[in-house]
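Enquirer: Residue numbers (my numbering), protein chains in the order written: chain A, 1 to 248; chain B, 1 to 248. Note that CB positions come from ideal geometry on N, CA and C, so glycine has one too.
Protein chains: 2
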Amino acid sequence: MLWDVRPRVLVVDDEIGVRRALKRGLSAEGMEVVTAADGPNALRVALTGAFDVVLLDIMLPGLSGYRVLQRMRAEGVRTPVLMVSAKDGEVDQADGLDLGADGYLVKPFSFVVLVAQVRALLRRNSADLARRRLKLGELVVDRALREVSWAGEPVSLSPREYAVLDVLASRAGSVVTKDELLRTVWGDEQAATRNAVEVYVGYLRRKLDAMGAGEVVRTVRGHGYLASTPDLDAALGAAGTSAGTRRR
Amino acid sequence: MLWDVRPRVLVVDDEIGVRRALKRGLSAEGMEVVTAADGPNALRVALTGAFDVVLLDIMLPGLSGYRVLQRMRAEGVRTPVLMVSAKDGEVDQADGLDLGADGYLVKPFSFVVLVAQVRALLRRNSADLARRRLKLGELVVDRALREVSWAGEPVSLSPREYAVLDVLASRAGSVVTKDELLRTVWGDEQAATRNAVEVYVGYLRRKLDAMGAGEVVRTVRGHGYLASTPDLDAALGAAGTSAGTRRR
DNA sequence: CCGGACGCTGAGAGCGCACTGAGACTCCCG
DNA sequence: CGGGAGTCTCAGTGCGCTCTCAGCGTCCGG
């Protein structure tokens, strides 16, 4: 697998030997490793959300692994968590998974299995990794600068217009419903109506059309809007159809 | 956890005792269970994409669990897979995870742990559901694009028509009653009558027939509608599951 | 072979979806 | 205080979609 950025792994264990061993091993696999030794610190670090996987021991000073996981989920941090336990109790395992863990390892575990598990979790989230810039053909959405350009020419958008395009571009190739847009762009209070979405898509199209970027945002009647390009259509359409079928 | 539709689980094992036990247990947990007894049939059924989790034994007649998993991933089917093995070898486990498995259970496993694992996978992938694709022979329902095609040719459907086909395809191999369709497609208020369902199935058939795709949606008099293909019939029939077709 | 239940279909009324231009309102800046 | 940018509602339009109704075909039990 190729990573444009190295995956970041947080290793939480109270034994320094384990931390060191895991750090060395996972680094050798091309990952960036950060460690924490107790519950409160682990939680503090994990809440930054700046990790792709957390390796979490259950027996921890200060705050058990369960609690750390629970608090993480309660705060809305969805980083995949791999629980590690010395105990083999099946009930514990079920508990951990119910709290939102994504996997479970029983000590002593083999390093090969550990790496495979971590890789599996990384692979699953690879789509979300490091998406700082969204590109749809000639359209570039720079999320850091909140700037949009078409074929190198900057497109001046109002904040609302940008927000709508950001959501559509970040879900390129999938239809986004108006209600979803209302929720993500306007917030849960839904102060605006669906018509507002239509109006803003209209504004977007007007500006994009003026640059020659028509067809980027399509209407899928009865469902919502779809940001795509012919390129993307082909790439997504080619995947997985059994008999070499093509989308048009 | 609340589900708008019951999660659908595919259980693959060559021992009928295991299939039966799992089917009973998981059904009691509120899941819809479909079973397959050998590798080729499991693959055929899994490729429809109409499942939320696949429970896959490794030792299978015809095609090993590894191969089934490999072929599924190669065809772009991303349904979460939980591998089940009698062997405890760590290398096997790593192999399975590297092939794209999402979890690993070693026989004999406790049912509690199994259910926790399945639940964890269901929870995690509820967001991914939109990305998946349903296939019935030459028919492809692309949920991301809300697009339907037959043998590569797009089929133009109205929103209602699409919604009906989506439900039928996502329950491929199982009979769906008109009342269920009313509930899932029209909403709980049930503003429409059963005749509306008949009308829309009629519309669907007309359009599909025009593409040469007759027989995809069958009527099961007195029960409802069934989306299937001869292939799928054989695969499910061979496993000895009544898959709901005989419920009286 | 008959009758009733079930399922399918053609016709058509009307409503809802998507889009648009106009304009009210707020906020910010000079 | 005037002007401009930005946000959002409203009302109107065209068209496609939705769904009901009524009639007819089909299946099945007796």
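Indicate whether at least one CB of chain A lies closer than 8 Å to the CB of Pro159(B).
Expert: Residue mapping note: residue 159(B) aligns to position 159 of the second sequence, counting from 1. Interface residue, yes.
Enquirer: Helix, strand or coil: which one does DSSP assign to Asp13(B)?
Expert: Here residue 13(B) refers to the residue found at position 13 when the second sequence is read from its first residue. Here Asp13(B) sits in coil by DSSP.
Enquirer: Mark Val112(B) as exposed unless 16 or more other C-beta atoms lie within 10 angstroms of its C-beta, in which case mark it buried.
Expert: Start at 1 with the first residue of the second sequence, and residue 112(B) comes out as number 112. Val112(B) is exposed by the Cβ-count criterion.
Enquirer: Buried or exposed for Ile16(A), going by 16 or more other Cβ atoms inside 10 Å?
Expert: Stepping through the first sequence from its first residue, residue 16(A) is reached at position 16. Exposed, by the Cβ-count rule.
Enquirer: For a quick check, are the C-beta atoms of Ala46(B) and Leu10(B) less than 8 Å apart?
Expert: Along the second sequence, one-based indexing puts residue 46(B) at 46. Along the second sequence, one-based indexing puts residue 10(B) at 10. Cβ atoms of Ala46(B) and Leu10(B): closer than 8 Å.
Enquirer: Kindly list the residues whose CB is nearer than 7 Å to the CB of Val197(B), restricted to its own chain and excluding five residues on each side of it in sequence; keep chain order.
Expert: Taking the second sequence and counting its residues from 1, one reaches residue 197(B) at position 197. Cβ within range, chain order: Lys178, Leu181, Leu182.
Enquirer: Kindly indicate which three-state DSSP category Leu165(B) falls into: helix, strand or coil?
Expert: Taking the second sequence and counting its residues from 1, one reaches residue 165(B) at position 165. Leu165(B): helix per DSSP, three-state reduction.
Enquirer: Please give me, in chain order, every unbroken run of the beta strand (DSSP E) with length at least 3 that falls completely inside the region 134-162 of chain A.
Expert: 139-142, 147-150, 153-155
Enquirer: In the DSSP output, which residue or residues are listed as bridge partners for Glu32(A)?
Expert: As a first step, residue 32(A) is located in the first sequence; it is residue number 32 there, counting from the start. DSSP, once it has assigned bridges, lists Arg8(A) as partnering Glu32(A).
Enquirer: Hey, could you find the ends of the beta strand (DSSP E) Met83(A) is sitting in?
Expert: In the first sequence, counting from the first residue as 1, residue 83(A) sits at position 83. Boundaries of the beta strand (DSSP E) around Met83(A): 81-85.
Enquirer: Please work out which residues of its chain come closer than 6 Å, Cβ to Cβ, to Leu2(B), disregarding the five sequence neighbours upstream and downstream, and give them in chain order.
Expert: Position 2 of the second sequence, counting from 1, holds the residue named residue 2(B). Any reading at Leu2(B) must be qualified, since the residue scores a pLDDT of 34, below 50, and its modelled position is unreliable; the value itself is stated next. Exclusion of the five residues before and after Leu2(B) leaves no residue of its chain whose Cβ lies closer than 6 Å to its Cβ.
Enquirer: Where does Asp231(B) sit, in a helix, a strand or coil, going by DSSP?
Expert: Sequence index remark: in the second sequence, residue 231(B) carries index 231 (1-based). Of the three classes helix, strand and coil, the one that applies to Asp231(B) here is helix, per DSSP.
Enquirer: Residue range of the beta strand (DSSP E) that Arg218(B) falls in?
Expert: Walking along the second sequence from the start, residue 218(B) turns up at place 218. Counting along the chain, the unbroken beta strand (DSSP E) around Arg218(B) starts and ends at 217-220.
Enquirer: Residues in the same chain with beta-carbon distance under 6 Å from Leu105(A), minus the five sequence neighbours each way, listed in chain order, please.
Expert: By 1-based counting over the first sequence, the position of residue 105(A) is 105. Within the same chain, Leu105(A) has close Cβ partners Val84.
Enquirer: Looking only at its own chain, which residues have a Cβ that is under 8 Å from the Cβ of Phe109(A), when we skip the five neighbours before and after it?
Expert: Numbered from 1 along the first sequence, position 109 holds the residue referred to as residue 109(A). Scanning its chain for C-beta atoms nearer than 8 Å, with the 5 sequence neighbours on each side dropped, one finds around Phe109(A) the residues Val84, in chain order.
Enquirer: What is the DSSP secondary structure of Val77(A), counted as helix, strand or coil?
Expert: For this step, residue 77(A) is matched to residue 77 along the first sequence. DSSP places Val77(A) in coil when its eight states are reduced to three.
Enquirer: Got a sec, what are the start and stop residues for the beta strand (DSSP E) Gly103(B) sits in?
Expert: Numbered from 1 along the second sequence, position 103 holds the residue referred to as residue 103(B). DSSP places Gly103(B) inside the beta strand (DSSP E), whose first and last residues are 103-106.
Enquirer: Determine, for Arg24(B), whether the minimum Cβ-Cβ distance to residues of chain A falls below 8 Å.
Expert: To locate residue 24(B), count along the second sequence from 1; it is residue 24. Taking Cβ atoms only, chain A never reaches closer than 8 Å to Arg24(B), which makes this a no.
Enquirer: Which same chain residues, not among the five before or five after Arg194(B), have their C-beta less than 8 Å away from its C-beta?
Expert: Indexing the second sequence from 1 puts residue 194(B) at position 194. Lys178, Asp179, Leu182.
Enquirer: Please list the residues of the region 66-79 of chain B that have a C-beta atom closer than 8 Å to any C-beta atom in chain A, keeping them in chain order.
Expert: For chain A, the residues of the region 66-79 of chain B that bring a beta carbon within less than 8 Å of one of its beta carbons are Glu75, Gly76, Val77, in chain order.
Enquirer: For Ala213(B), which of Gly187(B), Asp231(B), Ala234(B), Ser149(B) has the nearest alpha-carbon?
Expert: Here residue 213(B) refers to the residue found at position 213 of the second sequence. With distances taken between Cα atoms, Ala213(B) lies closest to Ser149(B).
Enquirer: What's the call for Leu145(A), buried or exposed, on a 16-neighbour Cβ count within 10 Å?
Expert: As a position in the first sequence, residue 145(A) is number 145, starting the count at 1. It counts as exposed.
Enquirer: Does the distance from the CB of Leu208(B) to the CB of Thr48(B) come in under 8 Å?
Expert: Within the second sequence, numbered from 1, the residue matching residue 208(B) stands at position 208. Within the second sequence, numbered from 1, the residue matching residue 48(B) stands at position 48. Their beta carbons are not under 8 Å apart, which means Leu208(B) does not touch Thr48(B) by this criterion.
Enquirer: Hey, does Ser174(A) have any beta-carbon neighbour from chain B nearer than 8 Å?
Expert: Locating residue 174(A) in the first sequence gives position 174, where the first residue counts as 1. Yes, Ser174(A) counts as interfacial toward chain B.
Enquirer: Buried or exposed: where does Val12(A) fall if 16 or more other Cβ atoms within 10 Å of its Cβ makes it buried?
Expert: Here residue 12(A) is taken as the residue at index 12 of the first sequence, counted from 1. If you draw a 10 Å sphere on the C-beta of Val12(A), you find 16 or more other C-beta atoms in it, and that means buried.
Enquirer: Look at the alpha carbon of Ile58(A) and the alpha carbon of Val216(B), and state the distance between them as a whole number of angstroms.
Expert: Position 58 of the first sequence holds residue 58(A). Position 216 of the second sequence holds residue 216(B). Each residue's alpha carbon lies about 51 Å from the other.
Enquirer: Which value, in whole angstroms, describes the spacing of the CA atoms of Leu82(B) and Asp95(A)?
Expert: For the purposes of this step, residue 82(B) is identified with residue 82 of the second sequence, where counting begins at 1. For the purposes of this step, residue 95(A) is identified with residue 95 of the first sequence, where counting begins at 1. Approximately 18 Å, taken between the alpha carbons.
Enquirer: Put Val175(B) into one of helix, strand or coil per three-state DSSP.
Expert: Position 175 of the second sequence, counted from the start, is the residue given in the question as residue 175(B). Three-state result, Val175(B): strand.
Enquirer: To the nearest angstrom, how far is it from the Cα of Thr219(B) to the Cα of Thr219(A)?
Expert: Counting from 1 along the second sequence, the entry for residue 219(B) is found at position 219. Counting from 1 along the first sequence, the entry for residue 219(A) is found at position 219. If you take the alpha carbons of Thr219(B) and Thr219(A), they lie about 33 Å apart.
Enquirer: Between Val199(B) and Arg160(B), what straight-line distance do the alpha-carbon atoms span, to the nearest angstrom?
Expert: Taking the second sequence and counting its residues from 1, the one referred to as residue 199(B) is at position 199. Taking the second sequence and counting its residues from 1, the one referred to as residue 160(B) is at position 160. For Val199(B) and Arg160(B), the distance between alpha carbons rounds to 11 Å.
Enquirer: What's the C-alpha gap between Val155(B) and Pro7(A)?
Expert: In the second sequence, residue 155(B) corresponds to position 155, counting from 1. In the first sequence, residue 7(A) corresponds to position 7, counting from 1. Approximately 41 Å, taken between the alpha carbons.
Enquirer: Below 6 Å CB to CB, which residues in the same chain sit around Gly320(A) once its five sequence neighbours on both sides are set aside?
Expert: A query on residue 320(A) cannot be resolved here, the shown segment of chain A reaching from 1 to 248 and no further.
Enquirer: DSSP state of Asp52(B), grouped into three classes?
Expert: Position 52 of the second sequence, counting from 1, holds the residue named residue 52(B). Here Asp52(B) sits in coil by DSSP.
Enquirer: Between Gly39(A) and Gly76(A), is the Cβ-Cβ spacing less than 8 Å?
Expert: Taking the first sequence and counting its residues from 1, the one referred to as residue 39(A) is at position 39. Taking the first sequence and counting its residues from 1, the one referred to as residue 76(A) is at position 76. Gly76(A) sits away from Gly39(A), with the two beta carbons spaced by 8 Å or more.
Enquirer: Interface residues of chain A around Arg221(B) at Cβ under 8 Å?
Expert: One-based indexing of the second sequence puts residue 221(B) at position 221. By Cβ distance, chain A contributes nothing, its closest Cβ being about 31 Å from Arg221(B), past 8 Å.
Enquirer: My output table needs one value for Asp209(B): the three-state DSSP class, helix, strand or coil.
Expert: Here residue 209(B) corresponds to residue number 209 of the second sequence, with the count starting at 1. Helix.
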